Ligand code: NAD
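In the numbering used here, the protein residues as written are 546 to 1022.
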């Protein structure tokens, strides 16, 4: 049992203003495994004040990028050394299979941090341009106090997508973890202290959505960075629009995997273990619409059913597990609700279904729907669980049309023996990323969504821009 009775504010373990607590429940055992204070508006006031003080008076924004990189490099080294502890903890909190967790919940966040540490040396922080009347200095300044609000599915990764670029830019941060997964942020806070990040540069207050909304509109905040549902993103975007407050939104998805006529089916189906079912399907970029040429539909259906039915579903801490429990009972019920919706819409369950694989824990059987048409709710709405929809297409133009017939535009993939041709098809998909014969996010490559999947980009140099203000200083020749 991990009990925390303090909040990380101003570099100190600070007593919370209220008495409320958040219980963290293991999705595998359904037992309480941790407890943290539930942050209140007064705690957000304290956290924003600390971040404000650190930004307005503290050393952090006044250091050179190289000086900040040195301190963050220490944090990155600590993270690299202890990432197994982080992977174990996230798996315990939210049920991510440990093999995915080692990579996605720990190694990836560390790599993102290291990427921005390294970028500090090569990034153009300031330059001279020839203006009409004389030289112009163009410089980049940190945008200020950042509110970072993120979800439970990949908590360290979605936090680090904001934290690393914000910090290297010279911003200070108030982070709000989801109530489902606050424990990993406490482990990170210990490492932050150990690395010697100045007080108030990072503040962490776990809280629910109302207190999150309070943070978004807080007068002491200069920029909001959000990952979560499209529904919440719309509200946050509206609040920031009213305030003219810069905001980045990484939201939901309903990505398509297009299997072309010439695809190597065995390799493709193997690739779907990651591209379609990573993290129990609790992944915004999961490719849950499988588009198969009608000529190969039966063959694809058989291979998909064989793969999905053979997945090991069980204790996420077990190294043989491929699908763990969903984060919460609410999520289990939501995913099962969608399985019922699919059946009611006339799609056919060809693997999995409503029989729960285990009595205890929030498990859902990995499920494949056949005979899906793209207008069905199971093809249009984000399910956020291990449920795939198999959709037949007539020709390549039809496949592209179906893939693009979505309110979302986050990820996707094309599977083909001809990689160059796969790239041509990927160019036609209206999403922020589209892999060929794989799907991966790279630290140096922008990630984000078109349409209802969000605004702006994270990762790469593009992911640093939202934390910078550009300033021009012209002067006479
Ligand atoms: P959610 O939107 O309910 O919550 C996300 C976070 O926002 C939580 O910390 C929550 O407390 C907070 N929040 C909710 N409403 C808020 C509001 N009005 N103001 C301020 N804060 C608010 O989402 P969730 O169910 O926790 O997470 C799943 C969603 O996240 C999925 O839709 C998924 O696609 C999305 N997601 C997107 C990405 C991406 O990069 N595009 C990555 C991971 C998850």
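Just so you know, even glycine gets a beta-carbon here, dropped at the ideal spot from N, CA and C. Model, not experiment: these values are computed from the prediction.
Identity of the residues DSSP links to residue i by a beta bridge
{"i": "residue 858", "result": "868"}
{"i": "residue 706", "result": "Answer by DSSP bridge pairing: none, since residue 706 is not bridged."}
{"i": "residue 878", "result": "DSSP output for residue 878 lists no bridge partner at all."}
{"i": "residue 768", "result": "691"}
{"i": "residue 794", "result": "771 and 1000"}
{"i": "residue 559", "result": "552"}
{"i": "residue 988", "result": "Residue 988 pairs with nothing; no bridge assigned."}
{"i": "residue 980", "result": "958"}
{"i": "residue 802", "result": "835 and 958"}
{"i": "residue 566", "result": "582"}
{"i": "residue 898", "result": "910"}
{"i": "residue 672", "result": "683"}
Within 7 Å, strictly: CB atoms of residue i and residue j
{"i": "residue 600", "j": "residue 690", "result": "yes"}
{"i": "residue 1007", "j": "residue 991", "result": "yes"}
{"i": "residue 867", "j": "residue 856", "result": "yes"}
{"i": "residue 932", "j": "residue 973", "result": "no"}
{"i": "residue 937", "j": "residue 801", "result": "no"}
{"i": "residue 935", "j": "residue 909", "result": "no"}
{"i": "residue 895", "j": "residue 919", "result": "no"}
{"i": "residue 913", "j": "residue 853", "result": "yes"}
{"i": "residue 713", "j": "residue 665", "result": "yes"}
{"i": "residue 549", "j": "residue 661", "result": "no"}
{"i": "residue 561", "j": "residue 588", "result": "yes"}
{"i": "residue 1012", "j": "residue 688", "result": "yes"}
{"i": "residue 998", "j": "residue 967", "result": "no"}
{"i": "residue 584", "j": "residue 734", "result": "no"}
Segment limits, beta strand (DSSP E) that includes residue i
{"i": "residue 929", "result": "Counting along the chain, residue 929 falls outside any beta strand (DSSP E), and DSSP gives it neither H nor E."}
{"i": "residue 960", "result": "958-960"}
{"i": "residue 607", "result": "From DSSP, residue 607 is part of no beta strand (DSSP E); its letter is neither H nor E."}
{"i": "residue 1014", "result": "1013-1019"}
{"i": "residue 720", "result": "717-721"}
{"i": "residue 915", "result": "910-917"}
{"i": "residue 747", "result": "747-749"}
Run of the alpha helix (DSSP H) containing residue i, from where it starts to where it stops
{"i": "residue 736", "result": "728-740"}
{"i": "residue 659", "result": "653-667"}
{"i": "residue 817", "result": "810-820"}
CB contact below 7 Å: residue i versus chain D
{"i": "residue 712", "result": "In the structure shown, chain D does not exist; there is a single protein chain."}
Contact belief for residue i with residue j at Cβ below 8 Å, rounded distance in angstroms
{"i": "residue 862", "j": "residue 643", "result": "6 Å"}
{"i": "residue 701", "j": "residue 650", "result": "6 Å"}
{"i": "residue 747", "j": "residue 718", "result": "5 Å"}
{"i": "residue 766", "j": "residue 593", "result": "6 Å"}
Is it true that the region 736-755 meets the region 591-611, where meeting means three or more beta-carbon pairs spaced less than 8 Å apart? yes
Three or more beta-carbon pairs under 8 Å between the region 950-964 and the region 978-988, yes or no? yes
Three-pair Cβ contact test at 8 Å for the region 676-694 versus the region 702-715: yes
Touching or not, the region 756-773 and the region 925-937, by the rule of three or more beta carbon pairs under 8 Å? no
With contact counted as at least three CB pairs below 8 Å, one residue from each stretch, are the region 790-805 and the region 828-848 in contact? yes
Say whether the region 632-642 touches the region 712-729, bearing in mind that this needs 3 or more beta-carbon pairs closer than 8 Å, one atom from each stretch. yes
Can we say the region 664-675 touches the region 571-580, given the rule of at least three CB pairs closer than 8 Å? no
Does the structure place the region 994-1010 close enough to the region 805-820 that three or more beta carbon pairs sit under 8 Å? no
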